[in-house]
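K.L.:
Heads up: the sequence shown begins at 979 in the numbering used here, then just goes up one per residue. From the three backbone atoms N, C-alpha and C, an ideal C-beta is built for every residue, glycine too. None of the values given here were measured: they were computed from a predicted structure. Once you've had a glance at the structure underneath, I'll fire off some questions.
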Amino acid sequence: MTKSPDELGIELRRKMFGAAGAEQQIEKASDFTQPMQDIVTRICFGEVWQRPGLGTRERSMITLAMLAALGKEPELKVHVRGAIANGVTKEEIREILIHSFLYCGIPAMVGGLRAAESVLGDLGVE
C-alpha cells in the first residue's frame, strides 16, 4: 500500500525536526496558518522532498545554502536540525556556509555560521 503525500510528509518532518517540528506545529496552527502547515507537510515534505534523484541529505545541504543566500536565519536554524538528522555533519554545514560567501556575500556567511553554531550548540554536536 502506497502512503499518501500527507503521511510521507509528516513522517519526514518527524524524522528531521521531531514532534516539535511535526505534530506540534500542526496542532498549534491557527485557522489562519493551517493551510500553510498543510502545504508544508503535503507538498514540501510529502512530494518535493520525496522526489527521486536526490536524497534527504543532499536536499538538506542545498536547503542550507539557499537559506543562507536569502538571509533567512530563523529558517536556517530549523534546517540545521533537519540536516543533522539527515546525516549532514557539523563540518559539512560549516563548509556549506563558508562556501556561501563566494556567491552570496560575507554577511550571508556570517549570519549563517552564527545561526548554525547556535543550533549545533543546542544539539550538543561537537
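Check whether the Cβ atoms of R991 and V1026 lie closer than 9 Å to each other.
P.N.:
No, they are not a contact pair.
K.L.:
Can you give me the C-alpha to C-alpha distance between G1065 and R1035, rounded to a whole angstrom?
P.N.:
Going from the Cα of G1065 to the Cα of R1035 covers about 6 Å.
K.L.:
Contact defined as beta carbons within less than 8 Å: I believe K1055 pairs with S1096. What is the distance between those atoms, to the nearest angstrom?
P.N.:
With 8 Å as the limit, K1055 and S1096 qualify as a contact, their Cβ atoms being about 7 Å apart.
K.L.:
With a threshold of 16 other CB atoms inside 10 Å of the CB of R1059, please say whether the residue is buried or exposed.
P.N.:
The residue in question, R1059, is buried, as its Cβ has 16 or more Cβ neighbours within 10 Å.
K.L.:
For a test of the three-state rule: what should DSSP assign to M979, helix, strand or coil?
P.N.:
Here M979 sits in coil by DSSP.
K.L.:
Can you give the Cα-Cα distance for M1087 and K981, rounded to whole angstroms?
P.N.:
Taking the straight line from one Cα to the other gives about 38 Å.
K.L.:
Distance, Cα to Cα, Y1081 vs R1092?
P.N.:
Whole-angstrom Cα-Cα distance: 18 Å.
K.L.:
Which same chain residues end up closer than 8 Å to C1022 when comparing Cβ atoms and leaving out the 5 residues on each side of it in sequence?
P.N.:
So the qualifying residues of the chain are G987.
K.L.:
What residue does the alpha helix (DSSP H) around Q1015 start on, and which one ends it?
P.N.:
Counting along the chain, the alpha helix (DSSP H) containing Q1015 begins and ends at Q1012 to I1017.
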